[in-house]
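Note that the protein sequences, when read in sequence, are chains A and D. Mind the numbering: the first sequence is residues 40 to 365 in my numbering, read in order. Mind the numbering: the second sequence is residues 40 to 365 in my numbering, read in order. Built from N, CA and C at the ideal position, the CB exists for glycine as well.
Protein chains: 2
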Amino acid sequence: MLGEFDLIARYFAPLAASAPGAFGLSNDAAVLDPAPGYSVVVTTDAMVAGVHFLPDDPANLVARKLLRVNLSDLAAMGARARAYVLDLALPPNLDEAWVAAFVDGLRADQDEFGITLLGGDTVKTPGALTLALTAFGEVPTGTALTRTGARAGDDIYVSGSIGDGALGLKALRGEIVGLTETARAALADRYHLPRPRLALGQALAARGLATAALDISDGLVADLGHVATGSGLAAEVEAQAVPLSTAARAALTADPGLREVVLGGGDDYELLFAAPPDTVAAIAALAEDVALPLTRIGAMAAGTGVRVLDEAGAPIPLAKAGWSHF
Amino acid sequence: MLGEFDLIARYFAPLAASAPGAFGLSNDAAVLDPAPGYSVVVTTDAMVAGVHFLPDDPANLVARKLLRVNLSDLAAMGARARAYVLDLALPPNLDEAWVAAFVDGLRADQDEFGITLLGGDTVKTPGALTLALTAFGEVPTGTALTRTGARAGDDIYVSGSIGDGALGLKALRGEIVGLTETARAALADRYHLPRPRLALGQALAARGLATAALDISDGLVADLGHVATGSGLAAEVEAQAVPLSTAARAALTADPGLREVVLGGGDDYELLFAAPPDTVAAIAALAEDVALPLTRIGAMAAGTGVRVLDEAGAPIPLAKAGWSHF
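The structure is reproduced here in structure tokens:
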């Protein structure tokens, strides 16, 4: 493996070449100027080999997932993405090809999301490969979405489809039988490659439609619980309203017990938001504008806790409310 | 050990209580507003148990060193410190008492430097305890110090004293014989607890005195090499001019071979800067104002490379130019 300075020069400095504030990664720190009238938005997530990704996951997908779970947090705040810094703790058996593929993944997503590397630190570790990424976005000052503003009677919406990521992990582990190869690949892709809903988050913030928002990473029920707790309310979800992809629908047909994975599994990286009932038409227009399904799955109500109701209106007991990252 | 949400609620949320943009650590991301006319400055450093700190180092000192090595980078840019985010990968054998002591260290330095926690991520690892911290400062837009602006003929200055940190590590390992307990404790303290020179960096930027600056973390010679390379120049240092603490002087008296540790050992976290010769009086006034010795140790010159000269003006051969963190 190359030394620290050679790794930076060969692999990481090119990722920072277009950002003047990165100083070619040759400075002590970087400079970031938010646009006039904007606030900086900051989020960080760490991933450890064997805990957050499979040891033989392709390095370029590991890089893109690490970046995208952070971008998803920026999306949940209504921010546009700007830049990131990266900490890598590399074990001795990691080879340069891994780093090259990891950097290829970063490059692909830098191009897709219009962001740049600003800085980082590369260290060695006797233990597991460990990655930490801190992402920066910007939002018009005072418009950042939070989890705490939902009101009783607000509708609850989710973007896209729910459960694909968690089902994808199970599919990769061979724990779902009877899936077509097409469905398996579609779910695995959603597990490996979250779609941060940046355009949606920015539009929600700009149009003032959402009273609360977050991205679904811990699981639909657990994350809705965060909105409910943060807003001092209860939330009620109609299970049959939760939007499913074609692949997820196929998996649930094969094994109806997987519904719990959909509701509680996490790794969705869709946005969940609350909006007043009189915004129905505006939400429909927004869905058109961002070319993304926005589905009403329930409503906020006075009280506490999250209830999920089946087709008959009876509460569904959930053994596992969500996934703790620790 | 507590779960992720309990760790956050009990230990980390109180560290973020005074920052409205941290949303009590209950949001997807944080909001950071630089003061009007200021740019955000960002730096990140990672530390791994057994690599960057001794496994039995007190947790509160580990926390403060992690924070301070980052603040030292902010100081090198002329920034004032504002906030930080933290990624922790905790092994299963770590107990809650370690986290409590770690948080005590963060609290102490938050109070000392007037900064707050903005966010973070806590994950589990099967490997070594791994810490990554990203620190945020702010600097008047356009005044950030860099490594690249030195000119031939500029004087080279360092703050404080050089070599204490590297000698402290050797002393802790029992590799320096004949030290008094007072000297050993003084050096160990400098190894454990860097003094980020924030007031000095801000004053250098505000007064426009430095043509280049950085903090000495890799070692005096290696870091001066970064300024020389970045500025397209050579640098010449008079070894006897390098300022030593009383404890370091005692160590070198006992073992003159330790001079190489002073010049190349790293972990100084003093600022090195270049300044035109006509600023001598202004630098002297600055040293008074920030109550910190600022010592001229040499000068920049046309050419390349770093030369260290002994009392007779002969070049000192240096086996080890600096410490790579990787």
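Note to self: I'd like to know if D/HIS364 contacts chain A, where contact means its C-beta is closer than 7 Å to some C-beta of that chain.
What the structure shows: Along the second sequence, one-based indexing puts residue 364 of chain D at 325. The predicted model places D/HIS364 with a pLDDT of 41, which falls under 50 and marks its position as unreliable, so this point remains unresolved.
Check: So the alpha helix (DSSP H) D/GLY269 belongs to, where does it begin and stop?
Finding: Here residue 269 of chain D refers to the residue found at position 230 of the second sequence. Unbroken alpha helix (DSSP H) run through D/GLY269: 259-270.
Check: Can you list the residues of chain D that A/SER78 reaches, using a CB-CB cut of under 8 Å?
Finding: Mapped onto the first sequence, residue 78 of chain A falls at position 39. Near A/SER78 (Cβ distances below 8 Å), the residues of chain D are GLY60, VAL70, LEU71 and ASP72.
Note to self: Quick check: the segment 248-258 of chain D against the segment 186-196 of chain D, are at least 3 beta-carbon pairs closer than 8 Å?
What the structure shows: Segment contact: the segment 186-196 of chain D against the segment 248-258 of chain D, three or more CB-CB distances shorter than 8 Å; contact assigned.
Notebook entry, point to check: To which residues of the same chain is D/PRO130 closer than 6 Å at the C-beta, ignoring the five residues directly before and after it?
Noted result: Translated into the one-based positions of the second sequence, residue 130 of chain D becomes position 91. Closer than 6 Å at Cβ, skipping near neighbours: THR164 and LEU168.
Next item on the list: Assuming D/LEU64 contacts D/LEU170 (C-beta within less than 8 Å), just tell me the rounded distance between them.
Entry: Along the second sequence, read from residue 1 onward, the residue named residue 64 of chain D stands at position 25. Along the second sequence, read from residue 1 onward, the residue named residue 170 of chain D stands at position 131. Actually they do not touch by this definition, with Cβ atoms about 17 Å apart.
Note to self: On the DSSP letters alone, give me the boundaries of the beta strand (DSSP E) that D/ASP84 sits inside.
What the structure shows: Counted from its first residue, the second sequence places residue 84 of chain D at position 45. Note, D/ASP84: beta strand (DSSP E), 77-87.
Checklist line | Unbroken beta strand (DSSP E) run spanning D/GLU177, endpoints | finding: One-based indexing of the second sequence puts residue 177 of chain D at position 138. For D/GLU177, the enclosing beta strand (DSSP E) covers residues 169-179.
Note to self: Please identify, using Cβ separations under 9 Å, the residues of the segment 173-192 of chain A that lie next to chain D, in order along the chain.
What the structure shows: Residues passing the 9 Å Cβ filter: THR173, ALA174, PHE175, GLY176, VAL178, THR180, ALA183, LEU184, THR185, ARG186 and THR187.
Item checked: Bridge-paired residues (DSSP) for A/GLY28 -> For residue 28 of chain A there is no data in the structure shown, the boundaries of chain A being 40 and 365.
Notebook entry, point to check: Is it buried or exposed for A/GLU350, if we count other Cβ within 10 angstroms and need 16 for buried?
Noted result: In the first sequence, the residue the question calls residue 350 of chain A occupies position 311. Around the CB of A/GLU350, fewer than 16 other CB atoms lie within 10 Å, so the residue is classed as exposed.
Notebook entry, point to check: Around the C-beta of A/TYR50, are 16 or more other C-beta atoms found within 10 angstroms, so that it is buried, or is it exposed?
Noted result: Indexing the first sequence from 1 puts residue 50 of chain A at position 11. Counting Cβ neighbours within 10 Å, A/TYR50 comes out buried, since at least 16 surround it.
Next item on the list: Indicate the three-state DSSP secondary structure (helix, strand or coil) for D/LEU310 in the structure shown.
Entry: One-based indexing of the second sequence puts residue 310 of chain D at position 271. Shown here, D/LEU310 sits in a strand according to DSSP, grouped into three states.
Checklist line | Within-7 Å CB hit, A/LYS163 to chain D | finding: In the first sequence, counting from the first residue as 1, residue 163 of chain A sits at position 124. Yes, its Cβ sits closer than 7 Å to a Cβ of chain D.
Notebook entry, point to check: D/VAL138 lies in the alpha helix (DSSP H); which residues open and close that run?
Noted result: Reading the second sequence from its first residue, position 99 is the one you call residue 138 of chain D. Boundaries of the alpha helix (DSSP H) around D/VAL138: 135-152.
Check: Count the other CB atoms within 10 Å of the CB of D/ARG212; is the residue buried (16 or more) or exposed (fewer)?
Finding: As a position in the second sequence, residue 212 of chain D is number 173, starting the count at 1. When all chains shown are included, D/ARG212 counts as exposed.
Check: Just the Cα atoms here: how many angstroms apart are A/THR82 and D/GLY352?
Finding: Counted from its first residue, the first sequence places residue 82 of chain A at position 43. Counted from its first residue, the second sequence places residue 352 of chain D at position 313. Their Cα atoms are separated by approximately 52 Å.
Notebook entry, point to check: Under a Cβ-count criterion, where at least 16 other Cβ atoms within 10 Å of its own Cβ denotes burial, should A/SER57 be classed as buried or exposed?
Noted result: Your numbering for residue 57 of chain A matches position 18 in the first sequence. The residue in question, A/SER57, is exposed, as its Cβ has fewer than 16 Cβ neighbours within 10 Å.
Next item on the list: Check the C-beta distance from D/ARG346 over to D/GLU277 and give it rounded, since I have them as a contact under 8 Å.
Entry: Your numbering for residue 346 of chain D matches position 307 in the second sequence. Your numbering for residue 277 of chain D matches position 238 in the second sequence. Their Cβ separation, rounded to whole angstroms, is 10 Å, which puts D/ARG346 and D/GLU277 out of contact at 8 Å.
Notebook entry, point to check: So A/TYR308 and A/GLY204 are in contact, right, with Cβ under 8 Å, and what is the actual spacing, rounded?
Noted result: One-based indexing of the first sequence puts residue 308 of chain A at position 269. One-based indexing of the first sequence puts residue 204 of chain A at position 165. By a beta-carbon distance limit of 8 Å, A/TYR308 contacts A/GLY204. Their separation comes to about 7 Å.
Next item on the list: Sort out for me which residues DSSP pairs D/ARG346 with in a bridge.
Entry: Here residue 346 of chain D is taken as the residue at index 307 of the second sequence, counted from 1. Under the DSSP definition of a beta bridge, D/ARG346 partners with D/GLU275.
Checklist line | Interface flag, D/ASP262 vs chain A, CB-CB below 7 Å | finding: Numbered from 1 along the second sequence, position 223 holds the residue referred to as residue 262 of chain D. No, its Cβ sits nowhere closer than 7 Å to a Cβ of chain A.
Check: Roughly how many angstroms lie between the CA atoms of D/ALA48 and D/LEU243, to the nearest whole one?
Finding: Stepping through the second sequence from its first residue, residue 48 of chain D is reached at position 9. Stepping through the second sequence from its first residue, residue 243 of chain D is reached at position 204. Spanning the two alpha carbons is a distance of roughly 40 Å.
Checklist line | C-beta neighbour in chain D for A/MET339, strict 7 Å | finding: As a working mapping, residue 339 of chain A is identified with position 300 in the first sequence. It does not; no Cβ of chain D falls within 7 Å.
Note to self: For a cutoff of 7 Å on Cβ pairs, would you count A/LEU157 as touching chain D?
What the structure shows: The residue you call residue 157 of chain A lines up with position 118 of the first sequence. So, interface residue.
Notebook entry, point to check: Nearest chain A C-beta to D/VAL197 closer than 7 Å, yes or no?
Noted result: Along the second sequence, read from residue 1 onward, the residue named residue 197 of chain D stands at position 158. So no, D/VAL197 is outside the interface.
Check: Using DSSP with H/G/I as helix, E/B as strand and the rest coil, what is D/GLY304?
Finding: Locating residue 304 of chain D in the second sequence gives position 265, counting from the first residue. Assigned with DSSP and collapsed to three states, D/GLY304 falls in coil, not helix or strand.
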